[in-house]
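Below is one structure; the comments refer to it alone.
Residue numbers (my numbering), protein chains in the order written: chain A, 21 to 120; chain B, 271 to 970; chain C, 22 to 196.
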């Protein structure tokens, strides 16, 4: 018998940690991984609430999120590879040519 | 003005045409004169004047047919302010018609003469384009003079008075950029100015008289004023004396009496027809007409009458003395005119209005004749000068300064110009007052009247008559007799018909003019004629004593002049014999008794000093240099440069404008630091936004 | 004390710790491995929540495919370690602060504003039945058919995109 709010709290904590990771880390790949962490936290919230309301829609939605996340990771990594090819680095601090 | 209105046989309603005809003439010449030929221009002007004469004759006839009853012909409403009501009415009575006939008659003859004269003069002065202008001004003069004599109120008279003064100015200064010899100079325009300014002083007198009259009589119309004359003269004689003496100032200005006569000799700068018409026959007689017209006022104040008569008499003698010492043929005639005007003014002053008007008419005839003949002489000398210079081939070239009017250059002209000579003789004898020429009768009547009532005047006038005969004789001997004293005189030519024919008409009038008013019972036509207007006139018969004395004196004077000038005719370069006899007295007469010099020293130079002071000190140094430049311009410059430009514009407004720009720049510089190109900081901004919104929603 | 609650606590601690590990690793490989562990923990959570299918999908796709892809790329690029960072020193503390505030806000929202008294019951045997799976499949292919198809297109596009993005231009060489 675990209260719903615990699950949601956990989801919130994981989400913040993912956000923190996006902000702090300079390695593009780690940033990407933090994004996946955030998506994961959201999925957890979805499933918990789906169980709470006793419907399957949450789970289906998680299914879709995971599929799209997979596609997104593929494209994102391809981008990172392409950037690495031109800049020889994946340090996002080096990608500052939009400096105003 | 329609012919149908004259079925009654009377032509009074034609009277506006005496003004309209000359005005139409002047407009035609003004607008089209440059395109018409000289003959056309002259003909238009002469016909205009001639038609005015025809109308005058018709008016005269109408008056005669209605037994001299005066007619007032209303024309238009003119001034109506409060109690002042002056309509533009024409007065057709015997006095005004007399003037109309003289002005238009003599005027037309002079217009015809002027065609020939000006034809030669514009060629001597080398400006043919000015020909039409002359006739425009001449017609304007006729129109103005007609307004003067035909008005029914003093104000209308004054309009004409001023108008003829203007025309006098325009015509004296006709050759405004030259002097009488044709050299570029201010001389002619100065003479015109002198005439206008001196006349203006006279006009001031006239205006004062008119204002006084309006104040006390309540009207300026002749009828209304004269009715009240006796009553007001009895109650407040000072008023009438004031009016009459103010009018005398006007008369002194217009009719060249002491002290305002000084313009008339200078006015000889104008072409000779101008001298004849304006300064001999018509304009200068306006003053005499004024006094005659104001007879009802003058007869009520004997003191004023005495003053007028004395002014006239003294002027007559004074001017005659100056005429004796003049060398210019026209100047002699000018001073003679002043002297004869003195006779006329004395006559009307004494109350002898008929005598004065009679002399006015005869003087118009023979003075115009004399002036026009003098013009013929001058032209003859000019022609002679040209001929001599062309085939003489000696030192006197065209460049020599030659004065064709100087009598010392003349001599023996009766052989060269016989027609002019005989005509001049007629004029001279008439002026000298030799029986039976016109001048004898008219001058005699004045002397007779003076001898009866004003003895002092009589002696003055008699002396003047003596001198008149003397200087005319002197002139005739010097000009026509003896031997020519200059090549120009030797080669002088007679003038053409256009010049001599009008002179012949005038000569005829000078001979026969006396008939107008012979002092014998049954022949006092003129007196009767004027009686209709003037009321009762004293008609004097023929006095053998007076007539005899004056004739003897005239003959004696001519004899004296023959003694001095003809027994040993003057040679070229010789001094005037009278100088030996009179010495310094002659110099004074020659120099016009230094009156002009006196006026300059006392009035004109002082005026120039005041004007200089006002101009240089007050206007330039004070007003312009200090007030305008320092105060106004300086303050303005200070305000504009130091205050508005520096402080307000650059300091304030520019500061604000630039400041705003700076502010924007600084703001943008600061904000630009947000765009550091680092993804992490952009992500931070996003998270910040999320946290903020969430916090806001929670705290709500 | 509920067994499930204890289990939950332990698993939650593991999840959080692995997340911390992800954040604090210098080495990208370690970070990836930590993330794999995290995903596995979350899969267990899914089991606890009565969603066995999703748990399996999570392990298979997420931990099995995605993370392996990650590891491939890390090793391909040789990007295990990065040199020390030099810019934006202020950003770290600020970010940590903001994340903390976010957590606090989440906590306030959950425990103060929304009074959620509900509890999740432990999953029974029925979640493991074919029926549950059938229901899931039915709903997936009827109600959610359109998103399903669209997702397949997304995957297709992703594939094409990847190929295009990593295509070598003429004359370019690898690396």
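Ideal placement from N, C-alpha and C gives every residue a C-beta, glycine not left out.
Straight-line spacing of the CA atoms in residue 106 of chain A and residue 112 of chain A works out to 13 Å. In summary, no residue of the stretch 919-938 of chain B has a CB separated from any CB of chain A by less than 8 Å.
Separation of residue 529 of chain B and residue 866 of chain B (C-alpha to C-alpha, rounded to the nearest whole angstrom) is 11 Å. In terms of Cβ geometry, residue 688 of chain B and residue 652 of chain B do not form a close pair [threshold 8 Å].
In the DSSP assignment, residue 101 of chain A falls within the alpha helix (DSSP H) that extends over 77-107.
A contact between stretches requires three or more CB pairs, one per stretch, nearer than 8 Å, and the stretch 180-190 of chain C meets this requirement with the stretch 90-107 of chain A. Note on geometry: alpha-carbon atoms of residue 45 of chain C and residue 25 of chain A lie some 28 Å from one another. The Cβ-Cβ distance between residue 362 of chain B and residue 282 of chain B falls below 8 Å. The closest CA to that of residue 101 of chain A, considering only A:89, A:48, A:34 and A:37, is found on A:48. Listed along the chain, the chain A residues whose CB falls inside 9 Å of the CB of residue 25 of chain C are 21 and 22. DSSP places residue 72 of chain C outside both helix and strand once states are collapsed to three, so it counts as coil.
Under DSSP, the beta-bridge partners assigned to residue 344 of chain B are B:359.
For residue 36 of chain A, a Cβ of chain C is located within less than 8 Å of the residue's own Cβ. Residue 172 of chain C belongs to the set of residues whose beta carbon lies under 8 Å from a beta carbon in chain A. The beta carbons of residue 514 of chain B and residue 567 of chain B sit closer together than 8 Å.
Each of B:683, B:354, B:340 and B:920 was checked against the Cα of residue 485 of chain B, and the nearest Cα belongs to B:354. Residue 373 of chain B is positioned such that its CB atom lies closer than 8 Å to that of residue 419 of chain B. Residue environment: residue 710 of chain B is assigned as buried (16 or more neighbouring CB atoms within 10 Å of its CB, all protein chains considered). Contacts between residue 962 of chain B and chain A, judged by CB atoms closer than 9 Å, are missing: the closest CB pair is about 14 Å apart. Given a length threshold of 4 residues, each whole run of the alpha helix (DSSP H) inside the stretch 565-617 of chain B is given here in chain order: 565-568 and 572-594. Assigned with DSSP and collapsed to three states, residue 555 of chain B falls in helix.
When the Cα atoms are used, residue 812 of chain B and residue 781 of chain B turn out to be separated by approximately 19 Å.
Not a single C-beta of chain B is nearer than 8 Å to the C-beta of residue 40 of chain C.
It is roughly 17 Å from the alpha-carbon of residue 327 of chain B to the alpha-carbon of residue 802 of chain B.
Neighbours of residue 50 of chain A in chain C, taken as residues whose beta carbon is under 7 Å from its own, are 49 and 52 in chain order. Taking 8 Å as the upper bound on Cβ-Cβ separation, chain A lies near residues 942, 944, 945, 946, 947, 948, 949, 950, 953, 954 and 957 of the stretch 940-969 of chain B. Counting along the chain, residue 778 of chain B sits inside the alpha helix (DSSP H) bounded by residues 767-782. The beta carbon of residue 114 of chain C sits no closer than 8 Å to any beta carbon of chain A.
Judged by beta-carbon spacing, residue 315 of chain B lies within the 8 Å limit of residue 408 of chain B, meaning their Cβ atoms are closer than that value.
Contact residues of the stretch 102-116 of chain A toward chain B are 112, 113, 115 and 116 (C-beta to C-beta distance below 7 Å). The three-state secondary structure of residue 450 of chain B, taken from DSSP, is coil. The beta carbons of residue 753 of chain B and residue 839 of chain B sit closer together than 8 Å. Under the DSSP assignment, residue 113 of chain A falls outside any alpha helix (DSSP H); it carries neither an H nor an E label. At least one CB atom of chain A sits nearer than 8 Å to the CB of residue 128 of chain C. Not a single CB atom of chain C sits nearer than 8 Å to the CB of residue 58 of chain A. Against residue 168 of chain C, the close residues of chain A are 84, in the order they occur along the chain (beta-carbon pairs closer than 7 Å).
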